[in-house]
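In this text, residue positions in the sequence shown follow our numbering: the first is 5, and each later residue adds one.
Positions of the beta carbon are idealized from the N, C-alpha and C atoms, including for glycine.
Shown next, in structure tokens, is the structure this report addresses.
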Amino acid sequence: MLGAVITNPSKPFWPDEGLTKLDLAQFYAHIAGDILPWMKGRAVTMERCPEGIRKSCFFQKQAPANLPPGIDTVRIPAPSAGRDVDYIVGGTRKTLLTLVNFGCIAMHVMNGRIDQLDAPDWLAFDLDPADNFASAARAALLLRQKLEDHGLEGYVKTSGGRGLHVFVPLRRGADQDAVRAYAAVIAHELATEHPKLMTVEARKAKRKAPVYVDVMRNAFGQTIVPPFSVRWRPKAPVSMPLDWDEVSPRLEPTVFTIKTAERRMAAKAPWSSFFGHRQTLPRD
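Have a look at this one:
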């Protein structure tokens with residue numbers, strides 16, 4: 005039993021792969037124990053594809069009006085919307101599957117929990133390549149070394165697309181602005197030292213390097229997919245935690261899908277120490 009109602013379970017979500025809405029729900033139900041710690045107590049932005057990936061997909065912050073009983077929400081100012089928004093709060097299996105029932109394929113969460121929104125408990129870098137995964141892999145390895153130079157340890161995962169995400173677990177204390185500013189310092193150092201590989205230029209037309217080091221995932225109200233989130237791309241890829249020794253230009257990130265992820269997760273748990281490894285940002 006899934007523990008939540010899934011309407012139109014046979015609706016094709018990934019027609020080429022033969023995957024339905026029910027397949028997505030069953031995957032999330034099976035890995036709930038792995039993804040829920042990353043969603044617990046966090047506001048969720050939905051990436052919805054109600055008719056599957058071939059039709060319209062869109063982001064939605066506001067909780068639907070027809071939420072079933074027992075689904076928590078929280079009202080948070082949303083600068084991008086110019087108003088307060090009632091977000092769904094992640095953390096329970098029922099909530100996770102209710103999100104799926106609304107056609108939510110990818111879950112996006114904030115880096116601060118709702119009990120202390122302005123005190124992030126992780127810092128995130130989104131390495132977004134313009135060309136291919138190999139560039140992102142090279143950038144990630146340089147980022148790892150840069151973090152170590154700053155006395156920090158990062159954890160790496162596939163984004164579920166062409167890129168990589170690097171998270172740094174934090175002790176709560178520094179506010180959102182301080183965390184974002186620190187991430188920006190590291191990103192600027194990398195872009196200065198490796199200008200042919202990395203850039204901090206947000207405007208695509210002005211970028212002169214293939215990998216955009218995005219630190220805006222650390223701004224208030226911004227979100228990022230947690231480990232094990234599915235993405236709405238062909239083959240149903242999953243954002244998968246990696247060991248650093250797996251990060252290589254030869255790695256093919258599309259091997260991690262909802263058809264293969266559970267076997268991988270049973271064999272490896274590279275981020276198992278994440279929540280027990282809180283770090284403090286170095287002082288200037």
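With the cut-off set at 9 Å, would you say residue i and residue j are in Cβ contact?
{"i": "Leu-101", "j": "Leu-40", "result": "no"}
{"i": "Met-111", "j": "Val-229", "result": "yes"}
{"i": "Val-172", "j": "Leu-145", "result": "no"}
{"i": "Glu-250", "j": "Ile-35", "result": "no"}
{"i": "Val-219", "j": "Ala-188", "result": "yes"}
{"i": "Leu-168", "j": "Ala-141", "result": "yes"}
{"i": "Gln-64", "j": "Arg-52", "result": "yes"}
{"i": "Ala-134", "j": "Arg-207", "result": "no"}
Starting from the Cα of residue i, find the closest Cα among the options and give me that residue.
{"i": "Arg-237", "options": "Cys-61, His-34, Gly-177 and Ile-10", "result": "Cys-61"}
{"i": "Gln-283", "options": "Arg-176, Met-220 and Asp-249", "result": "Arg-176"}
{"i": "Ile-57", "options": "Asp-247, Leu-23, Phe-260 and Gly-94", "result": "Leu-23"}
{"i": "Ala-178", "options": "Glu-55, Pro-241, Tyr-159 and Leu-285", "result": "Leu-285"}
{"i": "Glu-157", "options": "Arg-254, Gln-180 and Leu-127", "result": "Leu-127"}
{"i": "Val-170", "options": "Asn-12, Lys-272, Ala-270 and Pro-245", "result": "Pro-245"}
{"i": "Asn-136", "options": "Thr-258, Pro-274 and Ala-270", "result": "Thr-258"}
{"i": "Thr-99", "options": "Val-9, Lys-59, Ala-134 and Asp-132", "result": "Val-9"}
{"i": "Tyr-32", "options": "Gln-64, Pro-231 and Arg-287", "result": "Pro-231"}
{"i": "Phe-129", "options": "Leu-103, Gly-155, Ala-138 and Val-160", "result": "Val-160"}
{"i": "Lys-15", "options": "Ala-82, Gly-107 and Gly-37", "result": "Gly-107"}
{"i": "Gln-30", "options": "Ile-190, Asp-20 and Leu-103", "result": "Leu-103"}
{"i": "Asp-181", "options": "Arg-97, Asn-115 and Leu-201", "result": "Asn-115"}
{"i": "His-154", "options": "Arg-287, Thr-49, Arg-166 and His-198", "result": "Arg-287"}
{"i": "Gly-164", "options": "Val-242, His-198 and Pro-274", "result": "Val-242"}
{"i": "Arg-166", "options": "Pro-83, Pro-81 and Leu-255", "result": "Leu-255"}
{"i": "Pro-68", "options": "Pro-81, Ala-82, Lys-59 and Met-50", "result": "Met-50"}
{"i": "Ala-143", "options": "Lys-272, Ala-209, Ser-84 and Val-217", "result": "Val-217"}
From residue i to residue j, what does the alpha carbon distance come to, in whole angstroms?
{"i": "Gly-86", "j": "Leu-174", "result": "29 Å"}
{"i": "Lys-239", "j": "Lys-25", "result": "14 Å"}
{"i": "Ile-118", "j": "Thr-77", "result": "10 Å"}
{"i": "Ala-195", "j": "Val-89", "result": "35 Å"}
{"i": "Thr-264", "j": "Val-234", "result": "12 Å"}
{"i": "His-192", "j": "Trp-18", "result": "39 Å"}
{"i": "Pro-54", "j": "Arg-79", "result": "24 Å"}
{"i": "Ser-139", "j": "Pro-253", "result": "7 Å"}
{"i": "Asp-38", "j": "Ala-213", "result": "35 Å"}
{"i": "Glu-205", "j": "Asp-132", "result": "12 Å"}
{"i": "Ile-190", "j": "Lys-200", "result": "17 Å"}
{"i": "Phe-260", "j": "Ile-109", "result": "15 Å"}
{"i": "Ala-270", "j": "Leu-28", "result": "19 Å"}
{"i": "Leu-147", "j": "Pro-274", "result": "18 Å"}
{"i": "His-198", "j": "Asp-247", "result": "24 Å"}
{"i": "Pro-13", "j": "Asn-105", "result": "9 Å"}
{"i": "Met-202", "j": "Thr-162", "result": "18 Å"}
{"i": "Ala-82", "j": "Lys-59", "result": "27 Å"}
{"i": "Thr-11", "j": "Ser-276", "result": "34 Å"}
{"i": "Arg-268", "j": "Ser-84", "result": "37 Å"}
What is the DSSP secondary structure of residue i, reduced to helix, strand or coil?
{"i": "Ile-190", "result": "helix"}
{"i": "Phe-232", "result": "coil"}
{"i": "Leu-255", "result": "coil"}
{"i": "Arg-176", "result": "strand"}
{"i": "Arg-221", "result": "helix"}
{"i": "Arg-79", "result": "strand"}
{"i": "Ala-271", "result": "helix"}
{"i": "Phe-260", "result": "coil"}
{"i": "Ile-10", "result": "coil"}
{"i": "Arg-58", "result": "coil"}
{"i": "Gln-120", "result": "helix"}
{"i": "Val-170", "result": "strand"}
{"i": "Ala-240", "result": "coil"}
{"i": "Met-43", "result": "helix"}
{"i": "Asp-20", "result": "helix"}
{"i": "Leu-201", "result": "coil"}
{"i": "His-34", "result": "helix"}
{"i": "Asp-249", "result": "helix"}
{"i": "Phe-278", "result": "helix"}
{"i": "Thr-99", "result": "helix"}
{"i": "Arg-52", "result": "strand"}
{"i": "Phe-106", "result": "coil"}
Can we count residue i as close to the ligand COA, meaning its CB is less than 8 Å from some heavy atom?
{"i": "Leu-168", "result": "In the structure shown, the ligand COA is absent, as is every other ligand, since no ligand is present at all."}
inquiry  = Contact between the region 269 to 283 and the region 63 to 73 is defined here as three or more beta-carbon pairs at a separation below 8 Å; is this criterion met?
reply    = no
message = Any contact between the region 215 to 234 and the region 121 to 133? By contact I mean 3 or more CB pairs, one from each, below 8 Å.
response = yes
task = Please determine if the region 77 to 97 and the region 43 to 55 are in contact, where contact requires at least 3 C-beta pairs separated by less than 8 Å.
result = With contact defined as three or more Cβ pairs closer than 8 Å, the region 77 to 97 and the region 43 to 55 are in contact.
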